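Before any comments, here is the structure.
There are 2 protein chains.
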Amino acid sequence: MSTSYQHQKAGDLNFLKHLNRSAILEMVRRVPGLTRADIATQAQLTKATVGSGVQSLLQQGWLKEGDLQKSSGGRPGRALHLNDDRHYLLGAEVGVHRLRLVACAPSGRVLASHHEPYTPSTPEATAALLGGALQQLISSPEVSNRENLGLGVALPGPVATGEAILRRAPNLGWRDVHFLELLHPHLPELKGVWLMDNEAKSAAFGELYLRTGKTPESLLYVSAGTGIGSGMAEGSHSPLLTRGVQGLAGEIGHTILQPGGLYCHCGNRGCAETLVSGWSIRASLGIDEKNDLIQALAPRLQEPDVTRTLRRAGEALGMLLLNLHHTQNPAEIVLGGSLTQLGSTFLEPALTYFETHQQRLLGTTQRVPLRVVEDSTFVAARGAAAQVLARAIHGPSSQTAHQSPIP
Amino acid sequence: MSTSYQHQKAGDLNFLKHLNRSAILEMVRRVPGLTRADIATQAQLTKATVGSGVQSLLQQGWLKEGDLQKSSGGRPGRALHLNDDRHYLLGAEVGVHRLRLVACAPSGRVLASHHEPYTPSTPEATAALLGGALQQLISSPEVSNRENLGLGVALPGPVATGEAILRRAPNLGWRDVHFLELLHPHLPELKGVWLMDNEAKSAAFGELYLRTGKTPESLLYVSAGTGIGSGMAEGSHSPLLTRGVQGLAGEIGHTILQPGGLYCHCGNRGCAETLVSGWSIRASLGIDEKNDLIQALAPRLQEPDVTRTLRRAGEALGMLLLNLHHTQNPAEIVLGGSLTQLGSTFLEPALTYFETHQQRLLGTTQRVPLRVVEDSTFVAARGAAAQVLARAIHGPSSQTAHQSPIP
DNA sequence: CCACTAAGTAAATAGCTCGAACATAGTATT
DNA sequence: AATACTATGTTCGAGCTATTTACTTAGTGG
């Protein structure tokens, strides 16, 4: 369904203005302290155009002026910065075991956050719960005097491009859920951009978009938790996410790593998730759903069967990372999710496998940097907030995320 | 290297004009017979803007007017068509065993083609050979009275984004080759767009871009030949190709399918290419490099060891397709390359595996269509020509492919 | 104190799209 | 056959945006 007509973007004259305004805003956001002259040379615009663009962004409260830079022989330019005090963004993640909420400044700085245990229930009940928690977050003093730009929700399952529907979340037991529509009644006065996306994709977006300075041209986020998923964000201006028609892109948990291996809940055999995932580790070590996996394993990390299981899972993750490197070839890989807290018993085999097998194809050229997020609690929620920001800056024309058709 | 500055596209006023012109041209190319009114409604432009845009495209010889359409109650609109007689595009592929050349009309129709056996030699000698063959093709009567728009070359190895360098072609024995620079002296008078890209990516681009009517939102091309590679093209206007930083995206031949399996020439074990590729089939059946694989196997298709080898290879391909489905989730998959000529002994296991395992994740919703190209001889070369066309239409601003900085 | 250089601003100019009125080509109606 | 009707395509002036050019401003170095 959705758009059978192909959206051919042809430009209104106003569109050009917005394009230039948002380009200026992006540049300052990415490189704080740029001057008007810097922008003019980099964006190939004239000083006059940049001047008027900056002026309107200053008036709207998106930018603010800073100090004079030191002169390079002539009049020194005035530094421009993102105005980080005027707006805020809401991001939320419905995880399999926790609800996580953040309110962010445009820079990505977390103003207020909250997380609480969660046991999967119906979409309706979850919406009510999340709605209440968000209401509380909104009323906190850190954000109450700011203007809200919208809300992004990250969910543990595929969300197809152009639709605000969670197709399937096996670990929640959900199917074809219009989550934003369920959530809206609980936050009736919240205006702005409303969007939802897959958890790993939101995280990937945020990790790339909220970085300042030199940014990699693409970034792959691998989320290793109860299930295992990934998201790839590409491009500097407003990164594009690869979603796939059904939103299945990045469902690496169900790629086959071991032909003829164990049966997966998806029905196939030897899926990556049967080797590396929260549920497969629980299954092979006999840890109940009710107990927290990390806490349950923490005192047992020296036991031989635990070590062996974690090492095997780690190696499988390393293989998975290598395969991703050869199919997506991101400029940077970020590894997050609750399993990263298992520590080196699990991570070391993964990293070692990846490092040693990675560069055999191209020789000893540059390596793909791999970063492990130490605390990934709010990464996805913050990423969803970042998607809201990108939407707010670039307007609904950008195909960055999926807005809900809220009436 | 290349661009350390992030190319922030901010719009010149002229840019807007070109944007609208090329959007109009794309729409007519995709849906032949559109009227000005159709364009106006679909592109959200006014009749006046479309009118002037069409007029200038008519004058430049890109479009031509057709018949009046039947009236729907009022004045009938005049059909517009791509002018297929004025321009032509050159595409070439350096394969491991053949050189393939085409000259295409803007519609993708092949005007003239040529292929000849090739034995890998130095880049310089290959450039000379290809240059000569192209010269001959250009002088053929079908194209000699048309205007050339440029040349695209498809190569069997990774080409990184933004660089016109073939990083590595294991099956040719090449490394870090600036092929366009080598080719240029042999075609000094050939102006227009010069670009090069990976063979599977060119093919993917062409298969998506040259289609008319309703087009899938993304397309994955899997090229199974001496090696095995893939390319993913996305988007309707001018499709984007996923390349990855080092151009390794789609190097699925070196994803690990069988941990601890056979050693691959890349140094790792159990790569997909050890299970399904021209060279692995040759190795396991003892067929010499000098003989054509397809011809050598044709009379032996009933032999048990051949059947078993091909069935195993087919199943591995099916697994690979499934993994691609779960990492890239394209709207359509096209399977090409010389191995498709091995027929059902090889293809059936692949298709069956893919069909039966595909839809376990989302239930019985829509299936991803998989098409096998019967004759894929010129698919990559034609795809490279398509990349040239896209470049010519959208201008160098589009990040569609990699132009060489020819002086 | 004065040239010099580069950043930012102001006013005039050029160019594109838009809106509204108008001409055009068929069809349905009388 | 003449006329009303409807939707397509065109023309022309208005509005808006980016550019050009000239000018002001803020530091540096002699």
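Heads up: the protein sequence lines correspond to chains U and Z, in order. The numbering used here numbers the first residue of the first sequence as 4 and each following residue consecutively. The numbering used here numbers the first residue of the second sequence as 4 and each following residue consecutively. Using N, Cα and C, we set each Cβ at its ideal position, and we do this for glycine too. All values reported here derive from a predicted model rather than from experimental measurement.
- Sequence-distant partners of S110 (chain Z) (beyond 5 residues in either direction) whose C-beta falls short of 7 Å from its own C-beta, in its chain, are L85 and D87.
- When secondary structure is reduced to three states using DSSP, W65 (chain Z) falls in the coil class, being assigned neither helix nor strand.
- Of all residues in the stretch 266-286 of chain U, those with a C-beta nearer than 8 Å to a C-beta of chain Z are C269, G270 and N271, reading in chain order.
- Contact of V337 (chain Z) with chain U by beta-carbon distance below 8 Å is absent, the smallest such distance being about 15 Å.
- Not a single C-beta of chain U is nearer than 8 Å to the C-beta of P352 (chain Z).
- Contact of A203 (chain Z) with chain U is not assigned, every C-beta pair being separated by 8 Å or more.
- When the beta-carbon positions are compared, Q344 (chain Z) and I290 (chain Z) stay at least 8 Å from each other.
- The three-state secondary structure of Y91 (chain Z), taken from DSSP, is strand.
- Note: E150 (chain U) is bridge-paired with U:H90 in the DSSP secondary-structure output.
- Residues of the same chain with a CB within less than 7 Å of the CB of A131 (chain Z), apart from the 5 flanking positions on each side, are H189 in chain order.
- Between the C-alpha atoms of S55 (chain Z) and L61 (chain Z) there is a straight-line separation of about 10 Å.
- In the structure shown, the three-state DSSP call for L338 (chain Z) is strand.
- For T258 (chain Z), the neighbours in chain U by C-beta distance under 8 Å run, in chain order, L325, N326, H329 and T330.
- Shown here for L158 (chain Z): same chain residues with a beta carbon closer than 7 Å to its own, the five before and five after excluded, namely V97, L169, A172, F182, M199, N201 and E202 in chain order.
- Against chain Z, the CB of I255 (chain U) has a partner CB under 8 Å away; the residue lies at that interface.
- Judged by their CB atoms, G230 (chain U) and G253 (chain U) are not nearer to each other than the 8 Å cut-off.
- With distances taken between CA atoms, G232 (chain U) lies nearest to U:G250 out of U:Q47, U:G250 and U:G153.
- A Cβ-Cβ separation of about 16 Å leaves H360 (chain U) out of contact with L338 (chain U) under the 8 Å criterion.
- Taking all protein chains shown into account, N17 (chain U) has fewer than 16 neighbouring C-beta atoms within 10 Å of its C-beta and is therefore exposed.
- Note: N17 (chain U) is not bridge-paired with any residue in the DSSP secondary-structure output.
- At least 8 Å separates the beta-carbon of E220 (chain Z) from that of V279 (chain U).
- Scanning chain U for C-beta atoms nearer than 7 Å to the C-beta of A334 (chain Z) yields V248, reported in chain order.
- Of the residues U:Q47, U:G134, U:H328 and U:S124, the one whose Cα lies closest to the Cα of G234 (chain U) is U:H328.
- Take T49 (chain U), set aside five residues on each side of it, and the residues of its chain with a beta-carbon closer than 7 Å to its own are A43, in chain order.
- A Cβ-Cβ separation of about 32 Å leaves V57 (chain Z) out of contact with F381 (chain Z) under the 8 Å criterion.
- When 8 Å is used as the limit between beta carbons, M322 (chain U) is near these residues of chain Z: I259 and P262, in chain order.
- Relative to V309 (chain U), the option among U:G346, U:E276, U:G160 and U:V391 whose CA is nearest is U:G346.
- For the stretch 97-123 of chain U, there are no residues whose beta carbon sits under 8 Å from a beta carbon of chain Z.
- The distance from the Cβ of L154 (chain Z) to that of W197 (chain Z) is about 6 Å, consistent with a contact at the 8 Å cut-off.
- If you keep only unbroken beta strand (DSSP E) runs of at least 3 residues inside the stretch 101-168 of chain Z, you get 101-107, 113-120 and 150-158.
- Residues R101, L102, R103, L104, T380 and F381 of the same chain have their beta carbon placed closer than 8 Å to that of H118 (chain Z), with the five preceding and five following residues left out of the count.
- Secondary structure of I297 (chain Z) (DSSP, three-state): helix.
- With respect to chain U, the C-beta atom of L22 (chain Z) has a partner C-beta closer than 8 Å.
- For L19 (chain U), the nearest CB of chain Z lies under 8 Å from its own CB, placing it at the interface with that chain.
- Taking a Cβ-Cβ threshold of 9 Å, none of the residues of chain U is close to A389 (chain Z); the smallest such distance is about 17 Å.
- Contact check for A353 (chain Z) against G317 (chain Z) passes: the beta carbons are separated by less than 8 Å.
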